[in-house]
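K.L.:
Residue numbering for the sequence shown follows this note's numbering, starting at 3 and increasing by one per position.
From the three backbone atoms N, C-alpha and C, an ideal C-beta is built for every residue, glycine too.
As the structure is a prediction and not an experimental result, all values here were calculated from the model.
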Amino acid sequence: MTPILLRAEGVEKRFDGIYALRNVDFTVRKGEIHALVGENGAGKSTLMKILCGVYSPDAGSIAMDGSRVEIRDPRQAQHLGISIVHQELSLFVNLTVADNIFSGALPTATPLRMVAKGALRRETRKILDEFGFDLDPFQPIAECGIAERQVVEICKALHRNARLLILDEPTSSLTPNEAGKLFAILRKLRAAGIAIVYISHRLEEIVDMADRVTVLKDGAVVAERLASDVGVQDLIRLMVGREINMSDYYGRRGAPQEEIVLEADNLTRKGMFEGVSFSLRKGEILGLSGLVGAGRTELALALFGALTPDSGSIRIRGRPAGIRSPRQALELKLAYLDEDRKNNSLFPEMSVRENFVVIDLKAGSRFGLMNFRRQAAETGEFVRRLNIQTSGPDQRIADLSGGNQQKVVIARLLAINPEILICDEPTRGIDVGAKREIYLLLSSLVAHGMSIILISSEMPEIIGMSHRVMALRNGRVSGFLGGAGVTEENIMRLAAGRAG
Ligand SMILES: Nc1ncnc2c1ncn2[C@@H]1O[C@H](COP(=O)(O)OP(=O)(O)OP(=O)(O)O)[C@@H](O)[C@H]1O
Ligand SMILES: [Mg+2]
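Have a look at this one:
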């Protein structure tokens, strides 16, 4: 084994008297990929924020290369060679790709600005090329998709000559293809002696990629193993404290009913999707498959009224519905769970309970605040069902762990009782136990007559949940699959146009 780069001993952290971390020992060796796993709220991000000087620990010590260090702020962490790609992306959306990668070290505010700009472009190209990503260095972040933004975050950390690179759920928004590219880079970095701490809820990935794994549960380390010694089931047992049977994941959906609740006819939006026609039945889960750029999210946005199609029509429950805004969609009981939860307008400074009330007002409820009591009751119900870890309904959203914030978004959307729900990557960033709860919940909702359009890049999710799958390729419907035809091979054939 390689020498130890970083050793944290006896680390403790409390928030409002509640332990987020207790007596944590954690070591990272030079040139290893060290995975950190645990349920939502287990303390993973908190531990990493301590290593990065964002939080200071209440107790414990940290040593780098055998000597004790005080990491008082992020600048100092950076100086020590510790860099993090945060779970919540933190890019400046109004700046370009290059400006973001070099932010903090910009060689610009000089008379030589033009020269610097050329150098900036070259340097940025070099870093981007290492990833094999075709991004324009001067593209504004606002025009980058979520996968591209993630890549920029990683480039930014690499640019800082990190010796210890921390990735907090780097792949949750990447496609399998992009994730593969990232893994190749991480292996290269490992070979160059850089240590990597890797947080992910995708346990298969961990078992494949990591050298060692540390498991956190309720703020304490419950295991540290060689990755080669553990399987996915072992990790689940260590994280959750019990086994989860993969086969009871999807619950009982029942069969779709005859009634058609949504019908799209020839929807077209130039450059995004073309001639898209399909119908959705009551109680049906329609999976929407396709590669990135196939037009899935754009189509979802059009159905939700956030994007206006050039031509074509939508009927809801048999009636023509000219949905021109999300508000109208919500009035028709059509809701959309956004791929990028940040845009899903949680109010981070408000409490969990207040966030529930707000969406009800947005949904155009005439009773508004009078529904407060019912909302409060429902908040509690969903908090319980989705196992959302809060100190209570009055906890600030900003203080929840990343996964728990996402659960709030889902719960809040379900609380408005939509009849048609479009879910874009519903389980991104959600731990294995809560995933199961979400699948069971969605299954029982469709069994009670809700209809769902499911967009997901996780094959088992699409295959396990969908009654039918519609595949998109280059903005056009490339085919439908149903029943036993819903297989990974068939989906890939339709989505990627691969023969066979
Ligand atoms: N600033 C804060 N104020 C109050 N509580 C906090 C704060 N930051 C984190 N916590 C709490 O500490 C606990 C651990 O949170 P943390 O974000 O470390 O979890 P995590 O393991 O990263 O989870 P996830 O997988 O959901 O990202 C949670 O209960 C969370 O609510
Ligand atoms: Mg986290």
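1. Given a cut-off of 9 Å on the beta-carbon distance, is the pair residue 316 and residue 265 in contact?
2. Can you tell me the Cβ-Cβ gap for residue 322 and residue 307, rounded? I've got them flagged as a contact below 8 Å.
3. DSSP beta-bridge partners for residue 36?
4. By Cβ distance below 8 Å, which residues in the same chain neighbour residue 40 in space, the five residues on each side in sequence not counted?
5. Does DSSP put residue 57 in a helix, a strand or coil?
6. Ligand 2 and residue 491: does any heavy atom of the ligand fall closer than 8 Å to the residue's C-beta?
7. First and last residue of the alpha helix (DSSP H) that includes residue 143?
8. Should residue 19 be labelled buried (16 or more other beta-carbon atoms within 10 Å of its own) or exposed?
9. Checking 9 Å against the spacing of the C-beta atoms, do residue 165 and residue 34 come in under that value?
10. So residue 102 is in the alpha helix (DSSP H); what residue range does that whole segment cover?
11. Pick helix, strand or coil for residue 446, following the three-state DSSP scheme.
12. Helix, strand or coil, according to DSSP, for residue 388 in the structure here?
13. With a 10 Å radius around its C-beta and 16 neighbouring C-beta atoms as the bar for buried, classify residue 406 as buried or exposed.
14. Rounded to the nearest angstrom, what separates residue 449 and residue 381 at their Cα positions?
15. Are the beta-carbon atoms belonging to residue 458 and residue 488 less than 9 Å from one another?
16. Does DSSP put residue 457 in a helix, in a strand, or in coil?
17. Among the candidates 130, 420, 229, 168, whose CA atom is the shortest distance from the CA of residue 150?
18. Any chance the region 57 to 70 sits against the region 90 to 105, with 3 or more Cβ pairs inside 8 Å?
19. To which residues of the same chain is residue 37 closer than 6 Å at the C-beta, ignoring the five residues directly before and after it?
20. Within the present structure, is the beta-carbon of residue 46 separated from the nearest heavy atom of ligand 1 by less than 8 Å?
21. Just mark residue 349 as buried or exposed, buried being the case when its beta carbon has 16 or more other beta carbons within 10 Å.
22. How do the region 159 to 178 and the region 187 to 202 stand: do at least 3 beta-carbon pairs fall below 8 Å, yes or no?
23. Considering only residues of the same chain and omitting the five flanking positions on each side of residue 6, which have a CB-CB separation below 6 Å?
24. Relative to ligand 2, is the shortest distance from any of its heavy atoms to the C-beta of residue 403 smaller than 8 Å?
25. Using three-state DSSP, classify residue 510 as helix, strand or coil.
26. How many Å lie between residue 182 and residue 190 at the Cα?
27. Judging by CA-CA distance, which residue of 100, 84, 338 is the nearest neighbour of residue 304?
28. Please report the straight-line C-alpha distance between residue 120 and residue 180, rounded to a whole angstrom.
29. Rounded to a whole number of angstroms, what is the C-alpha to C-alpha distance between residue 400 and residue 499?
30. Going by C-alpha to C-alpha distance, which of 310, 462, 287 sits closest to residue 447?
31. Taking only the alpha-carbon atoms, compute the straight-line gap between residue 310 and residue 330 and give it to the nearest angstrom.
32. Report all residues from its chain with a CB closer than 8 Å to the CB of residue 137; omit the five preceding and five following residues, and keep chain order.
33. Are the beta-carbon atoms belonging to residue 258 and residue 227 less than 9 Å from one another?
P.N.:
According to the data block:
1. yes
2. Going by Cβ atoms, the distance from residue 322 to residue 307 rounds to 14 Å, so no, they are not a contact pair.
3. 199, 214
4. 46, 217, 218, 219, 241, 433
5. coil
6. no
7. Element bounds for residue 143: n/a, residue is neither H nor E.
8. exposed
9. no
10. 99 to 103
11. helix
12. coil
13. buried
14. 22 Å
15. no
16. strand
17. 130
18. no
19. 200, 208, 212, 215
20. yes
21. exposed
22. yes
23. 29, 31
24. yes
25. Outside the shown range of the chain (3 to 502) lies residue 510, about which nothing can therefore be said.
26. 13 Å
27. 338
28. 28 Å
29. 43 Å
30. 287
31. 13 Å
32. 99, 130, 146, 150, 153, 154
33. no
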